[in-house]
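Counting with this note's numbering, you get residues 2 to 530 for the letters of the sequence shown.
We put the CB at the ideal spot given by N, CA and C, even for glycine.
Scroll down for the structure; my scribbles are underneath it.
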Amino acid sequence: TKVGATLGKESVRQSLWAGVVGLALVLLFMVGYYLLPGVLSAIALALYTLYSLAAYKLLGVVFTVPGITGFILSIGMAVDANILIFERMKEELRAGKTLKAAIDDGFKRAFTAIFDSNVCTIITSLILFALGTGAVKGFALMLMIGVAISMFTAITVTRTMLWTLVSLGFGTNLRLFGVGKAPQLRWDVVGKRRFWFALSGAFIAFGIIAWAVDGLNVGIDFAGGSELQVRYDQPVTARQVQSVLAQAGYRDARAVVGEGNVVFIRTRELNTQEKEQLKQALAQLGNVREESFEQVGGIVSQEQTRNAIIAVVLSEILILLYIAVRFAIGGVREGFKFGVAAVIALVHDVLVLVGVFAIMGALRGWEVDALFVTAMLTLIGFSVHDTIVVFDRLRENLRNRVRGETFAEIANKSIVQTLARSINTSLTLILVLIALLFLGSPVVKLLTIALLVGVTTGTYSSIFTATPIVAYWEEVAQRRGHRPAETRVSAPAQTAEATVRRDGAPESEVATTAPTATTKSRPKRRRRA
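Following this line, the structure appears as structure tokens:
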């Protein structure tokens, strides 16, 4: 969607202001919750912002409203890596490790989840960039650059600052790291999976029914139409413009009033005569002059519809294949179930989002346009991001299982262990989106709402849908005579983990992994004299 200069400048100003407020909210949360590491992440986030702006300048990126929205969104996602690392560090400190050991292990064990989730986000961003329109390309490019830079700042900058402080003897008090007792949650998510599956099914069914009955209120990006930007000599309100348009027979038109008495109108496709009639109707409110006019024809709309479908399907196929390879714990066939479960969760999120817009399209006139597709693909990247965090812990727990643990028990333990990560990563993104919703440009209001709905459903599905599906798949496989997954995974017979003192010297060796089912202990032979 192209917007004229005056309305565009005002929208950019609003979006930048929303970004500043969103950044401040994220920094307050990180410092308040993670204390000293949160302060360091705030410094890293400031550097991330500078690096990103420098990269945009170097690449000659044009600041459009959707592009700025992508950048602001990447701010919320930039702290995700820090959250994963800090939560892992707290676990290592609770286990009795030194600060240096906890820092090393926290970064090392969180890296795979950070890498895999960001790769999936980049996959969806690349598809958006390849198949999207100009505005969508800007969103995808800024999001992609932001994700790449955030990995660098989290893994390199934050780690260096932590190491430097600890080496100099500062910040060695564990209270500064927010290390308290680990929460003892007795939450059987996997055991109650039928309830969660039924709840998800009800949400999806409700949305599909609304979609089938009322359909989607498609915007001109897909249905074809016209965009007209005019300027009045005196202030007008959107309600006044909407009333005049309705009286003139343009009930489907939507009007947005910007700064400087600029009005942006979107309506069905108009010819030259109809455009002049529309301008005459607008002149009832005062002296008005045209600033820009754009047609979106049916051919363009068909192409965008086709590209949107291709983008969604291609994203899910590539994510399925990537997860199947990365989580091939007992072979690619084993990894395939993780990929299928992740894609089912993605389909769940997309259907819920479409259902919400079908309902609100009928009630409030919400439109589905190119930016909605952008939100949907961004949702796919975020949802799989959260799912991978749980899958990564499940993969680790399978490799370090305790003899006698069932797959369902390991899966449920993995969900509980990563619950704080899932909630906090979603919360930082929600804080940014709330700032965008209330302070950002009206041009991206529906995009922001779609992202808010998507983040909420994505967090839900990563906890209550994806991992329980994997557990159910494994249960069915065992009924058919397959060996349990925990005996198919090649794990070391024993992993020695040192419990260390504050000076770094080991006190004792504790075996954290029981022998595998296929490992046999051999008695030592006595030497003959």
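For A203, the enclosing alpha helix (DSSP H) has its first and last residue at 194 to 215. Remark: C-beta atoms of T122 and Y52 do not approach each other more closely than 8 Å. Here V80 is actually not in contact with T457; their C-beta atoms are around 18 Å apart, not less than 8 Å. Between the segment 206 to 221 and the segment 354 to 361, the count of C-beta pairs closer than 8 Å reaches three or more; the two stretches touch.
Under the 10 Å beta carbon count, I73 is surrounded by 16 or more other beta carbons and is classified as buried.
Comparing alpha carbon positions, the residue from L217, Y251, N262 closest to T268 is Y251. Secondary structure note for V257: its beta strand (DSSP E) is the uninterrupted segment 255 to 258. Across the structure, A363 and T449 are spaced so that their CA atoms are roughly 19 Å apart.
Between T379 and T65, the gap from beta carbon to beta carbon reaches 8 Å or more.
In the three-state scheme derived from DSSP, where H, G and I count as helix and E and B as strand, T268 is classed as strand. Following the DSSP letters along the chain, one finds S427 inside the alpha helix (DSSP H) bounded by residues 420 to 440. Between the segment 459 to 479 and the segment 338 to 352, the count of Cβ pairs shorter than 8 Å is three or higher; the stretches touch.
The beta carbon of S427 sits closer than 6 Å to the beta carbons of V456, T460 from its chain, once the five residues preceding and following it are set aside; these are given in chain order. For V297, the uninterrupted beta strand (DSSP E) segment begins and ends at 289 to 297. Linking G71 to E291 through their CA atoms gives a straight-line distance of about 30 Å.
Per DSSP, G226 lies in no alpha helix (DSSP H); the unbroken beta strand (DSSP E) holding it starts and ends at 226 to 233.
Just so you know, the alpha carbons of R14 and L217 end up roughly 31 Å apart. Rounded to the nearest whole angstrom, the CA to CA distance from Q274 to G202 is 50 Å. Counting only residues of its own chain and dropping the five nearest sequence neighbours on each side, V32 has a CB closer than 7 Å to the CB of G39, V40, A43. Nearest in C-alpha terms to A102, of all of S316, I150, I146, W164, is W164. Judged by DSSP secondary structure, R400 falls within the alpha helix (DSSP H) whose first and last residues are 371 to 400.
Around the CB of Q305, 16 or more other CB atoms lie within 10 Å, so the residue is classed as buried. Per DSSP, the unbroken alpha helix (DSSP H) holding D106 starts and ends at 100 to 132. Within the same chain, Cβ atoms closer than 6 Å to the Cβ of R160 are found at F108, the five residues on either side in sequence being excluded. If you draw a straight line from the Cα of V444 to the Cα of T113, it comes to about 37 Å. If you draw a 10 Å sphere on the C-beta of V313, you find 16 or more other C-beta atoms in it, and that means buried. Taking the CA atoms as reference points, V264 sits about 12 Å from A284. Secondary structure at V263: strand, using DSSP grouped into helix, strand and coil.
The beta carbons of S227 and L271 sit closer together than 8 Å. Assignment of V80 by DSSP, reduced to helix, strand and coil, places it in the helix class.
When rounded, the separation of the alpha-carbon atoms in F140 and G259 is 22 Å. Annotated three-state conformation of G181 is coil, per DSSP. Going by beta carbons, G23 and L452 fall outside the 8 Å limit. Judged by beta-carbon spacing, L36 lies beyond the 8 Å limit of I69, meaning their Cβ atoms are not closer than that value. Remark: C-beta atoms of F408 and E475 approach each other more closely than 8 Å. As the crow flies, the alpha-carbon of A346 is around 9 Å from that of T388.
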